[in-house]
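Under our numbering, the first residue of the sequence shown carries the number 1171, and numbering increases by one thereafter.
Note that beta-carbon positions come from the ideal geometry of N, C-alpha and C, so glycine has one too.
Let me begin by presenting the structure, written as structure tokens, before commenting on it.
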Amino acid sequence: MEITMKDSTVTARINSHLKREAEDILKKIGLSSSTAISLFYSTVVLNKGLPFRLRLDSVPNMSLEEQKETEKILKKHSPSDKRIVKSESIEVSL
């Protein structure tokens, strides 16, 4: 993965309470929102997928048949467990 100049903007609408809580946590660990989002995107690229497992264990209003079909589709398109990187801490030098 090549590190280059930051030349793109990401815009997302999220709940203001969630944003405040996340930013408070990020501030305590010394990260800006921009850096945290960059880390998330880098991890997506590294894993070739999301850095966490998607689950359909308790999806309301979905029949068992629909849940099984959705799980089948997700398993087909999700990264294997071998490619998921698990870490308890991340050290960042900027």
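DSSP places Ile1207 within a helical segment (H, G or I) once states are collapsed to three. In the structure shown, Thr1240 falls within a helical segment according to DSSP collapsed to helix, strand and coil.
Residue state for Val1214 is assigned as helix, using DSSP reduced to three classes.
Of the candidates Lys1189, Ser1204 and Lys1198, Ser1204 places its Cα closest to the Cα of Asp1177.
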